[in-house]
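As structure tokens, the structure follows; a few thoughts come after it.
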Amino acid sequence: MSAVAELSRPLPAPAGDLADRGDLLRLAGDGRMPYPALVRLLGAAAAPAADSPAGPAARPAGADVPRLTARQTAVLTLMAEGHGNAVIARTLSCSEHTVKNVVYELMSRLQARNRAHAVARAVRHSLI
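Residue numbers (our numbering): 2 to 129.
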């Protein structure tokens, strides 16, 4: 079975075992992962155990979740789909310079190191 087909199949019920996620990551091989698999993995990683100090009681609801404008959300969604600045600019009917400024602001608000990290943080915070 190909790595993409393996990652696209539904995950088994989480048993708290990191081996399943590790196996999925090893199968990715070329570093590409289908969006649904990424969401499932990030969702499983973001859900802390109930008995851990980082559980739901440790963080107030809405804390550290950045608020995004409609344009930032649109740019982030297109970034998540893998589009470059030129395509995003054409899609949103704005200049590439505007897209670069929006991406720069997104990186700051999401405290991300690169575009992929920004998308991962946005998925983790349910922003896209």
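Ideal placement from N, C-alpha and C gives every residue a C-beta, glycine not left out. None of these values were measured; they are calculated from a predicted model.
Give me the Cβ distance between residue i and residue j, rounded to the nearest whole Å; I'm assuming they're in contact under 8 Å.
i, j, result
"M80", "R116", "6 Å"
"A90", "S96", "6 Å"
"V104", "V76", "6 Å"
By how many angstroms is the C-alpha of residue j removed from the C-alpha of residue i?
i, j, result
"A119", "L111", "6 Å"
"R125", "M108", "15 Å"
"T70", "G44", "23 Å"
"A74", "L128", "Per the sequence shown, residue 74 should be read as Thr rather than Ala. For T74 and L128, the distance between alpha carbons rounds to 7 Å."
"G56", "N102", "Confidence at G56 is low in this model, with a pLDDT of 48, below 50, so the placement of that residue is unreliable and no value is reported for it."
Taking 9 Å as the CB-CB cut-off, is residue i touching chain D?
i, result
"A81", "Any reference to chain D falls outside this structure, which holds one protein chain only."
Using alpha carbons as the reference points, say which of the options lies closest to residue i.
i, options, result
"L93", "L42, Y105, T78", "T78"
Which of the three DSSP states is assigned to residue i in this structure?
i, result
"E84", "Reading the sequence as shown, one finds His at residue 84 and not Glu. Coil."
"N115", "coil"
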